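This report refers to the structure that appears directly beneath it.
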Amino acid sequence: MNMKILVVDDFSTMRRIIKNLLNDLGFTNISEADDGNTALPILKKGGFDFLITDWNMPGMTGIELLKNVRADDKLNSLPVLMVTAEQKREQIVEAAEAGVNGYIVKPFTAGTLKEKIDKIFERINA
Amino acid sequence: MLDENQLINEDNIARAKDLLACMERGDEQGAREVLEELARIRETELYQEMGKLTRELHDSISAFGMDNEIINLAKDDIPDARSRLRYVIELTDDAANKTLTSVEKSIPLCDGMSKNSRTLNESWKRFIKRDMDVNEFRELSASIDKFLEDNTEEVTVLRTHLSNILLAQDFQDLTSQIIKRVIDLVEDVESNLVNLIKLTGSSAAKDLPDVKKPVHDTSPQGPAVPGVDQGVVSGQDEVDELLSSLGF
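If you're matching them up, the sequences are chains F and C in order.
With my numbering as the guide, the letters of the first sequence map in order to residues 1 to 126.
With my numbering as the guide, the letters of the second sequence map in order to residues 127 to 374.
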């Protein structure tokens with residue numbers, strides 16, 4: 001149950017919000033990164049079970065991070081949930097094509113986060 | 127032979143001599159006519175020069191493509207920025223109100239719990255000191271029972287309020303993304319104004335850099351602002367619908 005999760009967002013307030021919500025859901029093994037460039041080396045060190053990332057970040061964006069994760073032999077099956085304010089249809093389609101496992105638009109509720117996480121892992125474990 | 131554009135040329139020398147002769151012989155009318163002719167020649171040159179400058183300015187502006195850029199800024203970008211900033215006010219207002227509502231509901235809960243604990247504590251101390259009869263003890267026992275039950279419920283409600291306060295802080299991320307876009311726009315306006323100043327000060331406008339920025343369809347846009355952004359989903363339900371149509 002206690003998965004190792006990496007939360008990537010350039011805003012520390014949003015990382016704290018997501019971290020607290022994850023704590024409420026029983027996940028306490030959480031690391032943080034502020035963009036794709038810092039997240040990727042952390043992920044490559046291994047041990048992570050789940051990635052939650054924003055889209056719009058300076059340096060490496062979330063969509064680039066997702067593409068990098070899918071292109072990496074060791075990381076390509078890592079479940080990725082995108083939590084972002086980006087809500088253009090083309091963007092959601094692009095994320096889906098890049099292999100995202102779930103997409104949440106900000107602002108979101110604690111219920112939505114739980115529902116999407118449950119759905120992702122139900123599917124993976126099915 | 128002197129150039130006809132120069133002030134000193136054969137024609138003008140003849141006119142000057144003519145003017146001097148008219149004046150010496152006291153020919154008022156003749157002198158006036160020569161002066162008027164000279165003034166007319168001067169005016170024509172001035173108009174020609176102004177016409178040339180106007181044409182040059184127009185050519186420079188057209189070559190630079192600034193007219194369109196400035197029209198777009200005034201017509202679309204500035205009103206967009208206004209709407210975005212208004213949306214920032216809405217988001218911060220909403221977050222402040224959500225937080226205040228949760229705090230206002232939490233404070234009486236805390237006060238009630240604190241008051242009940244104090245009352246129970248006093249009775250409990252009397253019980254420890256054996257300063258309590260059987261009837262009072264029955265009452266105390268019932269109070270403890272009720273307190274424990276109420277407390278469990280109240281703590282759950284309090285936790286919900288704290289979660290609401292936590293979530294309301296998302297405004298910081300969302301409004302910052304919107305404000306960053308407005309800052310980009312202000313920078314655009316600034317560089318356009320700088321270019322306009324350069325253009326009016328010098329005709330070497332063709333050497334100025336192109337200030338237009340590239341537009342990518344899926345580049346990060348920040349939060350969608352109602353009434354401003356097109357082609358966006360209206361919320362999580364539409365995201366879910368779109369993804370399920372893609373086989374998710």
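All C-beta atoms in this analysis are idealised placements derived from N, C-alpha and C, irrespective of residue type, glycine included.
Fair warning: this is a prediction, and the values are worked out from it, not measured in the lab.
When the cut-off is 8 Å and only beta carbons count, does Met14(F) lie next to chain C?
Counted from its first residue, the first sequence places residue 14(F) at position 14. So yes, Met14(F) belongs to the interface.
Closest by CA to Ile304(C), which one among Pro352(C), Glu162(C), Asp137(C)?
Indexing the second sequence from 1 puts residue 304(C) at position 178. With distances taken between CA atoms, Ile304(C) lies nearest to Pro352(C) out of Pro352(C), Glu162(C), Asp137(C).
Note down, in chain order, every chain F residue with its Cβ under 8 Å from the Cβ of Thr344(C).
Along the second sequence, read from residue 1 onward, the residue named residue 344(C) stands at position 218. Here the neighbours are Ile63, Lys88, Glu90, Gln91, Glu94.
Roughly how many angstroms lie between the CA atoms of Val317(C) and Leu217(C), to the nearest whole one?
In the second sequence, the residue the question calls residue 317(C) occupies position 191. In the second sequence, the residue the question calls residue 217(C) occupies position 91. In the sequence as displayed, the identity of residue 317(C) is Ser instead of Val. Their backbone Cα atoms lie some 30 Å apart in a straight line.
Say whether the stretch 82-101 of chain F touches the stretch 142-158 of chain C, bearing in mind that this needs 3 or more beta-carbon pairs closer than 8 Å, one atom from each stretch.
Output reads no: the stretch 142-158 of chain C does not touch the stretch 82-101 of chain F.
Glu216(C) Cβ short of 7 Å to the ligand ZN heavy atom set:
Although the ligand ZN was asked about, the structure shown includes no ligands whatsoever.
Measure the C-alpha to C-alpha separation of Pro340(C) and Arg166(C) and round it to an integer number of angstroms.
By 1-based counting over the second sequence, the position of residue 340(C) is 214. By 1-based counting over the second sequence, the position of residue 166(C) is 40. Note that Pro340(C) scores 47 on pLDDT, short of 50, meaning its location in the model is unreliable; the coordinates nonetheless yield the value given after this. CA-to-CA, the gap between Pro340(C) and Arg166(C) works out to about 53 Å.
Rounded to a whole number of angstroms, what is the C-alpha to C-alpha distance between Ile45(F) and Leu274(C)?
Counting from one through the first sequence, the residue named residue 45(F) turns up at place 45. Counting from one through the second sequence, the residue named residue 274(C) turns up at place 148. A small correction: the amino acid at residue 45(F) is Lys; Ile does not occupy that position in the sequence shown. Answer to the nearest angstrom: the Cα atoms are 48 Å apart.
Which residues in chain C have a C-beta closer than 8 Å to the C-beta of Lys135(F)? List them in chain order.
It is not possible to answer for residue 135(F), since the shown part of chain F is limited to 1 through 126.
Segment limits, alpha helix (DSSP H) that includes Thr84(F)
Counting from 1 along the first sequence, the entry for residue 84(F) is found at position 84. Where Thr84(F) is concerned, there is no enclosing alpha helix (DSSP H), although the beta strand (DSSP E) around it starts and stops at 80-84.
Starting from Leu51(F), trace the beta strand (DSSP E) in both directions and tell me its first and last residue.
Taking the first sequence and counting its residues from 1, one reaches residue 51(F) at position 51. Segment 50-53, the beta strand (DSSP E) holding Leu51(F).
In whole angstroms, give me the CA-to-CA distance for Val281(C) and Asn198(C).
Against the second sequence, residue 281(C) aligns to sequence position 155. Against the second sequence, residue 198(C) aligns to sequence position 72. Their Cα atoms are separated by approximately 55 Å.
So, does the CB of Ser243(C) fall closer than 8 Å to a CB anywhere in chain F?
In the second sequence, the residue the question calls residue 243(C) occupies position 117. Chain F contact via Cβ: absent.
DSSP three-state call for Lys19(F): helix, strand or coil?
Residue numbering aside, residue 19(F) sits at position 19 when the first sequence is read from its first letter. In this structure, Lys19(F) counts as helix in the three-state DSSP scheme.
Whether or not the stretch 80-87 of chain F and the stretch 33-49 of chain F are in contact is what I'm after, with contact meaning three or more pairs of Cβ atoms, one per stretch, closer than 8 Å; do they touch?
Judged by Cβ distances under 8 Å, the stretch 33-49 of chain F makes no contact with the stretch 80-87 of chain F, as fewer than three pairs qualify.
Here's the rule I'm using: 16 or more other beta-carbon atoms within 10 Å means buried, otherwise exposed. How should Gln356(C) be labelled?
Taking the first residue of the second sequence as position 1, residue 356(C) is located at position 230. When all chains shown are included, Gln356(C) counts as exposed.
One question on the structure: do Val8(F) and Thr53(F) come within less than 8 Å of each other, judged by their Cβ atoms?
If you number the first sequence from 1, residue 8(F) lands on position 8. If you number the first sequence from 1, residue 53(F) lands on position 53. Thr53(F) is positioned such that its CB atom lies closer than 8 Å to that of Val8(F).
Boundaries (first-last residue) of the beta strand (DSSP E) holding Lys114(F)
The count along the first sequence starts at 1 and reaches residue 114(F) at position 114. That residue, Lys114(F), is in no beta strand (DSSP E); its alpha helix (DSSP H) goes 110-125.
Cross-chain neighbours of Val69(F) in chain C, by beta carbon under 9 Å:
In the first sequence, counting from the first residue as 1, residue 69(F) sits at position 69. Result: empty, since nearest Cβ-Cβ is about 18 Å, beyond 9 Å.
The stretch 350-363 of chain C: which residues have C-beta closer than 7 Å to a C-beta of chain F, in chain order?
If the cut-off is 7 Å between Cβ atoms, the stretch 350-363 of chain C has Ala350, Gly357, Val358, Val359, Gly361, Gln362 near chain F.
Is DSSP giving Lys4(F) helix, strand or coil here?
If you number the first sequence from 1, residue 4(F) lands on position 4. DSSP places Lys4(F) in strand when its eight states are reduced to three.
Following the continuous beta strand (DSSP E) through Ala33(F), name the residue where it begins and the one where it ends.
Position 33 of the first sequence holds residue 33(F). It spans 29-33 - the beta strand (DSSP E) in which Ala33(F) sits, taken as one unbroken run.
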